[in-house]
Ligand code: MG
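Residue numbers (this note's numbering): 332 to 697.
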């Protein structure tokens with residue numbers, strides 16, 4: 332369909348018509364990649380670990396003189412690393428593909444090369460979307476027919492900090508946002524909630540990162556949070572505690588959202604059994620192609636849909652933002668949490684996700 336569009340619409344290509352372009356209409360996809368470590372502005376204190384950096388890999392796919400950018404981000408709990416991503420990407424022979432619009436074929440090929448490797452696959456998927464969007468000279472939200480005005484507010488994430496001054500400073504930094512995501516499950520939840528409410532009356536959402544083990548206590552926290560202007564609770568209990576999560580969902584005054592529980596499209600129906608909604612992330616879904624399918628399936632099942640990210644540069648975060656008009660909530664702050672971003676892209680204006688009006692995924696290297 333898209334292939335037919337490009338062939339039938341030479342006008343949309345006029346700006347890029349050149350002798351080299353004509354000569355390389357039968358060009359091939361050229362994949363490049365390099366490790367790039369992301370430095371966190373504040374240490375992440377999650378229910379199960381602490382860290383100050385996130386390993387990443389930057390990807391470029393060149394075709395016909397046009398470059399598409401992509402990225403893999405590998406927080407340790409997802410099981411991928413610089414080594415596994417570069418090994419996977421080294422196995423790929425994209426030069427066998429002469430049409431960058433064959434995104435589905437390329438995904439099928441990547442699945443045959445190796446299972447899993449979701450962030451690695453996402454990096455290729457994002458670069459292909461950037462490339463094809465640039466060839467069509469349109470951003471992906473337009474190609475999907477989405478209204479950017481419907482993009483939701485994004486939350487900004489904070490976690491417990493035992494240093495009271497630093498905690499206060501982190502809370503003050505949330506002032507421009509209309510929703511704040513609070514990481515809980517560290518054993519300091521009530522203290523953190525109390526401290527936050529001392530300095531801010533912004534609506535919150537809570538991510539327990541599987542940190543609550545007792546369903547009765549989890550329900551008590553849900554009631555407490557509901558009184559404190561909380562919108563939803565993400566992954567309250569262990570991803571394997573399906574019966575307890577379903578029990579909690581039946582009783583909770585707040586929607587219960589799956590994150591660690593699910594990765595890809597086949598997981599969406601399973602999530603419906605115990606959760607009110609899902610958190611879609613490109614690094615879990617193998618990129619934009621499957622993330623779009625997950626969002627539309629979840630909506631058709633009457634579920635809430637949330638769009639998240641890892642700590643990432645503006646490359647992957649802006650790619651995700653293209654999907655944001657489909658979402659009830661967004662948590663697209665990954666680029667704001669790092670100190671060494673190398674792209675310009677998504678902007679948060681008055682708390683709202685603002686997608687750049689640029690072709691592809693909408694980023695330019697800085
Ligand atoms: Mg989460």
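By construction, the Cβ of each residue, glycine as well, lies at the ideal position given by its N, Cα and C atoms.
Got a sec: is the Cβ-Cβ distance from residue i to anything in chain B below 7 Å?
i, result
"residue 689", "As a matter of chain content, chain B is missing from the structure shown, which is built from one protein chain."
Less than 7 Å between the C-beta atoms of residue i and residue j, yes or no?
i, j, result
"residue 282", "residue 642", "Here the chain comprises residues numbered 332 to 697, so residue 282 is not present and cannot be evaluated."
"residue 431", "residue 463", "yes"
"residue 469", "residue 690", "yes"
"residue 594", "residue 566", "no"
"residue 425", "residue 360", "yes"
"residue 582", "residue 550", "yes"
"residue 401", "residue 457", "yes"
"residue 629", "residue 609", "yes"
"residue 466", "residue 620", "no"
Quick check on DSSP: helix, strand or coil for residue i?
i, result
"residue 610", "strand"
"residue 680", "strand"
"residue 397", "strand"
"residue 690", "coil"
"residue 700", "This structure does not reach residue 700, given that the chain is present from 332 up to 697, and the question cannot be answered."
"residue 387", "strand"
"residue 623", "helix"
"residue 496", "helix"
"residue 336", "Here the model assigns residue 336 a pLDDT of 32, short of 50, so the residue's position is not dependable, and the following value carries that caveat. Three-state DSSP puts residue 336 in a helix."
"residue 381", "strand"
"residue 675", "strand"
"residue 501", "helix"
"residue 639", "strand"
"residue 374", "strand"
"residue 660", "strand"
"residue 407", "helix"
"residue 581", "helix"
"residue 488", "strand"
"residue 479", "helix"
"residue 365", "strand"
Using 6 Å as the cut-off, classify the Cβ of residue i as near or not near the heavy atoms of the ligand MG, replying yes or no.
i, result
"residue 598", "no"
"residue 538", "yes"
"residue 565", "yes"
"residue 590", "yes"
Restricting to Cα atoms, I'd like to know which of the options is closest to residue i.
i, options, result
"residue 385", "671, 472 and 697", "671"
"residue 390", "420, 370, 375 and 429", "420"
"residue 387", "363, 412, 394 and 371", "412"
"residue 563", "599, 602, 637 and 604", "637"
"residue 602", "466, 633 and 559", "633"
"residue 366", "442, 457, 493 and 405", "405"
"residue 668", "501, 362, 441 and 428", "501"
"residue 374", "394, 498, 604 and 574", "498"
"residue 483", "635, 646 and 644", "635"
| query | Three or more beta-carbon pairs under 8 Å between the region 497–505 and the region 524–534, yes or no? | reply | yes
| the region 654–662 contacting the region 484–503, beta-carbon criterion three pairs below 8 Å | yes
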